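Student:
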Amino acid sequence: MAKLDNVASLTGPSRMTDRPQPPSLDQFRRVVIKVGSALLVDRARGRLNAAWLASLAEDIADLKGQGVEVLVVSSGAIALGRTVLGLSGGSLKLEESQAAAAVGQIALARLWAEMLGHHAVQAGQVLVTFADTEERRRYLNARATMQKLLELGAVPVVNENDTVATNEIRYGDNDRLAARVAAMIGADLLVLFSDVDGLYTAPPGSDPDARHLPVIARITPEIEAMAGGAASELSRGGMRTKIEAGKIATGAGAHMIIADGRVKNPLARIAGGARCSWFLTPSTPASARKAWIGGSLEPRGTLHVDAGAVAALDQGASLLPVGVTRIEGDFARGDAVLIRAPDGAVLGRGLVAYDHEDAARIIGRRSAEIADILGFRGRDAMVHRDDLVVRPA
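Last residue of the sequence shown? That's 443 in our numbering, and every number before it is there in order.
1) For residue 121 and residue 132, I'd like the C-alpha separation in whole angstroms.
2) According to DSSP, is residue 250 part of a helix, a strand, or is it coil?
3) Hey, out of 255, 307, 320 and 312, whose CA is closest to residue 328's CA?
4) If we require 3 or more residues per run, which beta strand (DSSP E) segments fall completely within the region 130 to 187?
5) Who are the Cβ neighbours of residue 194 in its own chain at under 7 Å, not counting the five residues just before and after it?
6) Between which two residues does the alpha helix (DSSP H) harbouring residue 125 extend?
7) Taking the alpha-carbon positions, what's the residue 397 to residue 106 distance?
8) If I follow the unbroken beta strand (DSSP E) through residue 84, where does it start and stop?
9) Measure how close the beta-carbons of residue 277 and residue 293 come, nearest whole angstrom, since I'm counting them as under 8 Å.
10) Taking the continuous beta strand (DSSP E) assigned at residue 378, which residues delimit it?
11) If you draw a straight line from the C-alpha of residue 176 to the C-alpha of residue 243, how long is it?
12) On the DSSP letters alone, give me the boundaries of the beta strand (DSSP E) that residue 353 sits inside.
13) Would DSSP call residue 271 helix, strand or coil?
14) Which first and last residues belong to the alpha helix (DSSP H) in which residue 226 is found?
15) Going by the CB atoms, is the gap between residue 299 and residue 232 shorter than 8 Å?
16) Check whether the Cβ atoms of residue 148 and residue 127 sit closer than 8 Å, and answer yes or no.
17) Whole angstroms is fine: what's the gap from residue 351's alpha carbon to residue 378's?
18) Near residue 241, what residues of its chain come up, given a Cβ to Cβ distance below 6 Å and the 5 sequence neighbours on each side ignored?
19) Here's the rule I'm using: 16 or more other beta-carbon atoms within 10 Å means buried, otherwise exposed. How should residue 395 be labelled?
20) I'd like the list of long-range same chain contacts for residue 98, defined as Cβ closer than 8 Å, with 5 residues on each side in sequence excluded.
21) Per DSSP, which one or two residues make a beta bridge with residue 119?
22) Got a sec, what are the start and stop residues for the alpha helix (DSSP H) residue 294 sits in?
23) From which residue to which residue does the alpha helix (DSSP H) around residue 423 run?
24) Looking at residue 309: is its Cβ nearer than 8 Å to the Cβ of residue 223?
25) What does the alpha-carbon distance come out to for the pair residue 256 and residue 274?
26) Three-state secondary structure (DSSP) at residue 388?
27) Shortest alpha-carbon distance to residue 416 belongs to which of 410, 439 and 373?
28) Leaving out the 5 sequence neighbours to the left and right, which residues in its chain are closer than 7 Å to residue 153 when beta-carbon positions are compared?
29) When you compare each of 325, 383, 225 and 345 to residue 290 by their alpha carbons, which one comes out closest?
30) Exposed or buried, what is residue 392 when buried is set at 16 or more other beta-carbons lying within 10 Å of its beta-carbon?
31) Determine the burial state of residue 368: buried for a count of at least 16 other Cβ atoms within 10 Å of its Cβ, exposed for fewer.
32) If you drop the 5 nearest sequence neighbours on each side, which residues of the same chain put their C-beta closer than 7 Å to that of residue 403?
33) Could you give the distance in angstroms between the alpha-carbon of residue 386 and the alpha-carbon of residue 343?
34) Please tell me whether residue 182 and residue 192 are closer than 8 Å, where the distance is taken between their beta carbons.
35) Any idea if residue 358 is buried or exposed, counting beta-carbon neighbours within 10 angstroms, 16 or more meaning buried?
36) Quick one: what's residue 306 bridged to in DSSP?
Set out below in structure tokens:
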């Protein structure tokens with residue numbers, strides 16, 4: 051690890067032996083990988099970097115062989131589409147970008163399916179917009195789709211739906227989108243592949259004294275300043291959005307890596323000790339989520355439960371409809387609700403799985419009856435234990 055001298059306070063304690071060490075890549079169980087357009091498409095030659103993509107697919111298959119769940123956030127649809135449509139030159143008009151995305155998304159999905167298919171790994175395309183990660187109901191639906199794909203052993207390949215997104219309602223960069231996706235699915239690691247091998251104290255191309263930072267224990271204002279302002283060389287290269295992504299990811303309990311993705315088998319190289327920048331988090335996805343539910347959300351309603359439910363919740367169980375005796379409030383699916391014992395004491399709070407109208411119809415009933423009552427198969431739990439924060443017993 052390179053000596054950091056005057057930047058030691060930004061990356062950890064001052065003594066070299068006390069500085070935080072990067073984790074091992076094999077300790078993570080759910081990984082989000084972000085791939086940029088410049089890595090997938092050689093714009094100068096107007097063709098796909100097929101050999102590089104094949105090497106990354108090999109790395110992904112190796113991770114999955116170790117029991118790791120992998121999700122890819124992939125740019126490249128517009129770059130591929132404009133090549134196919136012959137849209138050369140500089141920046142595109144909005145409608146040209148949308149047309150290029152419409153063509154490129156088909157090509158991009160086929161490429162990922164073919165490359166991963168060589169290793170008997172199934173790919174699934176997920177196109178999202180800004181609203182899908184910010185509006186609660188759409189967020190829940192998108193998360194459920196990705197979770198189910200991961201459960202079924204597939205690799206979700208996520209991209210912003212540039213065919214319908216406008217400049218006013220889009221992410222515009224897949225760094226922050228990847229971080230939001232990592233938070234959404236409870237990933238414990240986010241890997242941002244770029245054309246740089248991490249964060250430097252200054253733009254390395256113009257400052258010979260720039261130092262590479264291998265481990266960032268916490269994103270401080272000083273760290274943010276290193277990413278540069280709006281007019282800096284590094285900011286134009288995307289470092290500022292990567293730091294913003296780091297704040298989202300680490301806040302959600304995921305570590306993050308910025309690494310040079312231009313080499314073949316880039317994941318294997320990280321595992322082998324290749325230079326990169328690790329952004330560490332003190333929490334886990336589960337603890338960060340619990341903290342968010344317990345302290346950051348305004349309750350929209352109340353679920354009153356019976357003594358049997360109180361005992362079950364104290365044992366770490368989910369809250370089932372059969373244990374709910376009464377509801378209050380005009381809440382929607384995914385809203386935070388309070389949970390109260392028969393004596394009125396607050397047991398905790400959680401994210402409810404049903405709108406208040408449907409919840410009112412199934413309280414006191416067994417989970418097996420939900421489909422007959424509502425006409426659709428909802429979740430067995432009114433509040434799942436993963437979405438529940440209970441007071442200490």
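Note that the Cβ used here is the ideal one computed from N, Cα and C, for glycine as well.
This one's a predicted model, so the numbers in the text were calculated from it and none came from an experiment.
Tutor: Taking the definition as stated:
1) 25 Å
2) strand
3) 307
4) 173 to 178
5) none
6) From DSSP, residue 125 is part of no alpha helix (DSSP H); its letter is neither H nor E.
7) 47 Å
8) 80 to 85
9) 4 Å
10) 374 to 378
11) 20 Å
12) 351 to 355
13) helix
14) 224 to 235
15) yes
16) no
17) 5 Å
18) 83 and 307
19) exposed
20) 90, 91, 92, 130 and 161
21) 80
22) 289 to 301
23) 420 to 424
24) no
25) 19 Å
26) strand
27) 373
28) 131, 134 and 135
29) 225
30) exposed
31) buried
32) 383, 428, 429, 431, 432, 433 and 434
33) 7 Å
34) yes
35) exposed
36) 240 and 329
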